[in-house]
Amino acid sequence: MAMTFAKKKEGIYELDVTGYVCPHPQIYTKKALEKLGEGDVLEVVFDNPSSSESVSAMCDSSGNEIIEKIAEGGRFTFRIRKA
Amino acid sequence: MIIAVSVAKGRARIADPKGKQEEGLMEIAVPKKNIIWAYTIVGGFGLISVITLAMHEYYIYLSAYLWFGFIYGMCLQYGRFCFASAFRDLFAVGVPRMVVGIMIATLLFAITSNLVAATGWSTFHAAPVSFHSAIAGLIFGIGMVFAGGCASGSLYKTGEGNGTSFLVILSISVTQALFVDWGGILNRFVPASWHESALQKGLPDSINVGDGWVDQYLAGYVWNQPVKTYARSLGMQDDTLTGAMLGNAFAGVFIPAVIILTIVYIFWVRKNYVRKLKVEKGGDATLRDHLAGFRDMVMASKRTSIAGLFLGIACGLQMFVIEGLRMKFGVKNAGTLLERLGHDFGISAKGTVFDPGYWYVTTQEAQWVGWVLQKLGMNNMDNIYFGWVNGIPSPAINPADWMSVALIGGAAVMALLHGEFKFKAPTRELAFWAILGGFFMGIGSRLALGCNVGAFFVRTAMGDMSGWLFGLGMIGGAFIGVKIFNWYTERQMAKELAGLDFEL
Numbered sequence: 001m002a003m004t005f006a007k008k009k010e011g012i013y014e015l016d017v018t019g020y021v022c023p024h025p026q027i028y029t030k031k032a033l034e035k036l037g038e039g040d041v042l043e044v045v046f047d048n049p050s051s052s053e054s055v056s057a058m059c060d061s062s063g064n065e066i067i068e069k070i071a072e073g074g075r076f077t078f079r080i081r082k083a
Numbered sequence: 084m085i086i087a088v089s090v091a092k093g094r095a096r097i098a099d100p101k102g103k104q105e106e107g108l109m110e111i112a113v114p115k116k117n118i119i120w121a122y123t124i125v126g127g128f129g130l131i132s133v134i135t136l137a138m139h140e141y142y143i144y145l146s147a148y149l150w151f152g153f154i155y156g157m158c159l160q161y162g163r164f165c166f167a168s169a170f171r172d173l174f175a176v177g178v179p180r181m182v183v184g185i186m187i188a189t190l191l192f193a194i195t196s197n198l199v200a201a202t203g204w205s206t207f208h209a210a211p212v213s214f215h216s217a218i219a220g221l222i223f224g225i226g227m228v229f230a231g232g233c234a235s236g237s238l239y240k241t242g243e244g245n246g247t248s249f250l251v252i253l254s255i256s257v258t259q260a261l262f263v264d265w266g267g268i269l270n271r272f273v274p275a276s277w278h279e280s281a282l283q284k285g286l287p288d289s290i291n292v293g294d295g296w297v298d299q300y301l302a303g304y305v306w307n308q309p310v311k312t313y314a315r316s317l318g319m320q321d322d323t324l325t326g327a328m329l330g331n332a333f334a335g336v337f338i339p340a341v342i343i344l345t346i347v348y349i350f351w352v353r354k355n356y357v358r359k360l361k362v363e364k365g366g367d368a369t370l371r372d373h374l375a376g377f378r379d380m381v382m383a384s385k386r387t388s389i390a391g392l393f394l395g396i397a398c399g400l401q402m403f404v405i406e407g408l409r410m411k412f413g414v415k416n417a418g419t420l421l422e423r424l425g426h427d428f429g430i431s432a433k434g435t436v437f438d439p440g441y442w443y444v445t446t447q448e449a450q451w452v453g454w455v456l457q458k459l460g461m462n463n464m465d466n467i468y469f470g471w472v473n474g475i476p477s478p479a480i481n482p483a484d485w486m487s488v489a490l491i492g493g494a495a496v497m498a499l500l501h502g503e504f505k506f507k508a509p510t511r512e513l514a515f516w517a518i519l520g521g522f523f524m525g526i527g528s529r530l531a532l533g534c535n536v537g538a539f540f541v542r543t544a545m546g547d548m549s550g551w552l553f554g555l556g557m558i559g560g561a562f563i564g565v566k567i568f569n570w571y572t573e574r575q576m577a578k579e580l581a582g583l584d585f586e587l
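Sequence lines, in order, name chains A and B. Letter by letter, the first sequence follows residues 1 to 83 in my numbering. Letter by letter, the second sequence follows residues 84 to 587 in my numbering.
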């Protein structure tokens with residue numbers, strides 16, 4: 001499945017990079033966050049385990065806040081609030 | 084602080100993950116079938132060890148490779164240990180986690196392996212040093228970014244059920260096996276001096292050294308280059324305590340690793356650290372604050388550091404164990420053991436097979452394809468790589484192949500136990516990147532006589548000067564690869580954003 005980036009509702013966006021390996025999930029997450037406004041929420045869906053560390057570290061250093069992490073059957077969903 | 088965690092069957096939800104944001108860890112309840120599969124894999128490897136040992140005690144040599152491979156797989160998966168992500172994530176998204184992890188693992192491996200070297204039990208042989216290592220590293224570095232994982236990273240990700248990573252391994256394997264035997268049009272690109280020099284090496288007639296680009300590159304160029312270690316260049320010996328620890332481990336690994344980490348801190352970490360410090364305490368950062376920031380950077384990912392610690396210890400221990408078994412059986416190479424066991428197919432003209440005695444990845448990948456091609460009627464034993472040095476024994480009795488298969492198994496067990504195992508078929512887009520990346524890594528591996536493990540990790544730790552040269556090339560390759568990838572992903576993103584209300 002190809003990468004998809006969609007607006008779910010006002011201020012909430014979804015980036016689905018399921019099926020992608022490194023470095024796609026973290027690069028797409030970074031690029032998507034760059035497009036959002038302050039306070040917007042990005043829901044990133046991915047299934048590449050090592051990307052969870054990279055995305056977490058990336059948010060920590062950039063100041064963006066991960067407000068929720070869900071892991072289910074090898075599939076991860078991170079909700080990130082843009083700083 | 085985690086304020087709410089609900090765990091259902093294979094599902095974890097962390098409502099406020101702030102406290103664990105650096106690590107990205109999530110507690111996940113593991114389905115029972117995962118645990119059963121993990122036990123099955125461990126039991127399967129255990130059975131192989133027991134049954135083969137019952138057949139003959141020599142098989143314990145192969146089992147030693149197998150269990151070290153298993154440990155490597157568990158460590159790599161637990162720490163998400165991938166050399167590709169080290170500089171790629173630094174350049175692409177500013178994350179230094181894996182650079183730190185790799186420096187820690189290399190330093191620890193340097194300590195354990197150089198202690199082994201000081202006892203005279205080391206299985207390591209330094210490689211010729213010249214700019215070819217840096218060029219090979221550059222090609223390899225581009226490939227690992229395209230492929231989404233280095234040679235060892237692709238192995239452990241295959242253990243996570245990742246079909247794309249398996250495709251990367253296939254591409255590396257086939258590329259190497261074909262590249263080392265390829266003459267024809269490539270012979271035109273061999274300098275006359277290499278050709279003449281290769282013919283003078285006195286190789287047997289069965290090795291057609293005048294035909295094949297890699298053969299003439301090896302015998303006509305690489306073998307003419309000097310072999311250098313930091314200990315020897317400082318007037319010490321590799322197998323003395325001072326030479327091993329002071330020359331190779333301290334001067335060859337510790338000092339360059341600290342320099343690299345300092346550069347990473349100054350250019351990638353410092354700015355954000357100072358920003359956070361201002362919010363928390365206010366005022367400008369002092370030298371003491373920066374030292375604390377440096378320490379925080381090193382300690383940021385405990386998971387990666389723990390993996391690096393165990394990897395470093397296991398790698399050194401493997402050298403010790405394999406050399407001990409060689410002494411016990413009175414051999415210098417597994418080829419002798421295989422011949423004694425009656426397995427004489429695919430043994431090199433020197434009577435050897437690939438038997439590094441330490442962690443290695445790419446040669447055994449080339450070997451199994453070489454073996455298949457030989458069985459299909461292609462003569463793969465007339466080149467230096469297979470015919471003179473490494474052989475192409477059946478994968479079923481190839482010690483290094485046992486290590487790689489067990490590495491995949493170890494990673495699978497760790498992924499199963501953490502609820503992270505998932506079969507994923509490659510999409511057409513990812514298959515393209517996997518094959519292309521694997522191709523570049525295959526070429527780079529053969530030019531360097533190793534990959535991110537054999538040419539960088541092991542050689543660097545052992546004070547071989549070619550190690551850092553390959554590493555510098557790999558960093559340059561990662562930078563170029565990230566530039567290309569950024570361009571590609573920007574285009575993909577622009578397509579997605581076309582229908583949305585964003586400024587492009």
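Glycine residues also receive a C-beta, built at the ideal position from the N, C-alpha and C atoms. Here the structure is a predicted model, which means the values were calculated and not measured.
DSSP three-state assignment for residue i, whether helix, strand or coil
i        : result
Pro476/B : coil
Arg163/B : coil
Lys415/B : coil
Ile467/B : helix
Val352/B : helix
Lys92/B  : Reliability fails at Lys92/B, whose pLDDT of 43 lies under 50, so the model's placement of it is uncertain and the value that follows must be treated cautiously. In the structure shown, Lys92/B sits in coil (DSSP, three-state: anything other than H, G, I, E or B).
Gln283/B : coil
Phe73/B  : Nothing can be reported for residue 73/B: it is not among the residues displayed for chain B, which extend from 84 to 587.
Glu105/B : Any reading at Glu105/B must be qualified, since the residue scores a pLDDT of 43, below 50, and its modelled position is unreliable; no value is offered.
Lys361/B : helix
Asp647/B : Because chain B in this structure spans residues 84 to 587, residue 647/B falls outside the shown range and cannot be described.
Lys578/B : helix
Lys116/B : helix
Phe153/B : helix
Phe428/B : coil
Phe437/B : coil
Thr206/B : coil
Pro274/B : coil
Ser289/B : coil
Thr323/B : coil
Cross-strand partners of residue i (DSSP beta bridge)
i        : result
Val310/B : Pro211/B
Leu15/A  : Phe5/A and Val44/A
Arg81/A  : Val41/A and Glu65/A
Lys507/B : Asn245/B
Phe76/A  : Phe46/A and Ala71/A
Member of the options whose CA lies at the smallest distance from the CA of residue i
i        : options                                   : result
Asn535/B : Thr123/B, Phe272/B and Ala219/B           : Ala219/B
Phe170/B : Tyr161/B, Arg163/B, Gln160/B and Met181/B : Met181/B
Leu66/B  : Ser237/B, Lys415/B and Gly550/B           : Absent from the structure is residue 66/B, since the part of chain B shown begins at 84 and ends at 587.
Val444/B : Asn270/B, Asn355/B and Arg529/B           : Arg529/B
Ala281/B : Phe262/B, Thr312/B, Thr195/B and Val305/B : Val305/B
Asp547/B : Gly156/B, Ala210/B and Thr123/B           : Ala210/B
Gly391/B : Tyr141/B, Thr195/B, Thr258/B and Ile119/B : Thr195/B
Asp321/B : His208/B, Glu243/B, Trp277/B and Glu279/B : His208/B
Phe5/A   : Gly11/A, Ala32/A, Ile66/A and Val21/A     : Ala32/A
His24/A  : Val541/B, Ile118/B, Ser168/B and Leu286/B : Ser168/B
Leu420/B : Phe504/B, Tyr356/B and Asp438/B           : Asp438/B
Leu513/B : Thr202/B, Leu145/B, Phe249/B and Thr135/B : Phe249/B
Boundaries of the beta strand (DSSP E) in which residue i is found, first to last residue
i       : result
Glu72/A : Glu65 to Glu72
Residue i: first and last residue of the uninterrupted alpha helix (DSSP H) it sits in
i        : result
His24/A  : His24 to Lys35
Ala201/B : Arg180 to Ala201
Tyr443/B : Neither: Tyr443/B is in no alpha helix (DSSP H) and is coded neither H nor E.
Ile346/B : Ile338 to Val347
Tyr304/B : Taken as a continuous stretch (DSSP letters only), Tyr304/B belongs to no alpha helix (DSSP H), as it is neither H nor E.
Phe377/B : Leu370 to Met382
Asp484/B : Pro482 to Leu500
Any non-hydrogen atom of the ligand GTP within 7 Å of residue i CB
i        : result
Asp172/B : What this structure holds is no ligand at all, so the ligand GTP is not there to describe.
Contact list for residue i against chain C, beta-carbon separation under 9 Å
i      : result
Phe5/A : Absent from the structure: chain C. Protein chains present are A and B.
Report task. Note down, in chain order, all residues in the stretch 19–42 of chain A with a beta-carbon under 9 Å from any beta-carbon belonging to chain B. Result -> Gly19, Tyr20, Val21, Cys22, Pro23, His24, Gln26, Ile27, Tyr28, Thr29, Lys30, Lys31, Ala32, Lys35 and Leu36
Query raised in the report: Along the stretch 166–183 of chain B, what residues have a CB closer than 9 Å to any CB found in chain A?
Result: Ala167, Ser168, Arg171, Asp172, Ala175, Val176, Gly177, Val178, Pro179, Arg180 and Met181
**Report entry** Interface residues of the stretch 54–69 of chain A facing chain B [CB-CB below 8 Å]
**Finding:** Hits within the stretch, in order: Ser54, Val55, Ser56, Ala57, Met58, Cys59, Asp60, Ser61, Ser62, Gly63, Glu65, Ile66, Ile67, Glu68 and Lys69.
Query raised in the report: Taking a cut of 9 Å between CB atoms, which residues from the stretch 190–201 of chain B lie near chain A?
Result: none
Query raised in the report: Taking any Cβ of chain A, which residues in the stretch 420–450 of chain B have a Cβ under 8 Å from it, in chain order?
Result: none
Query raised in the report: If contact means a Cβ-Cβ distance below 7 Å, which residues of the stretch 151–163 of chain B contact chain A?
Result: Arg163
**Report entry** Within 9 Å of chain A by C-beta, residues of the stretch 214–232 of chain B in sequence order
**Finding:** Within the stretch 214–232 of chain B, the residues whose Cβ lies closer than 9 Å to some Cβ of chain A are Val228, Ala230, Gly231 and Gly232, listed in chain order.
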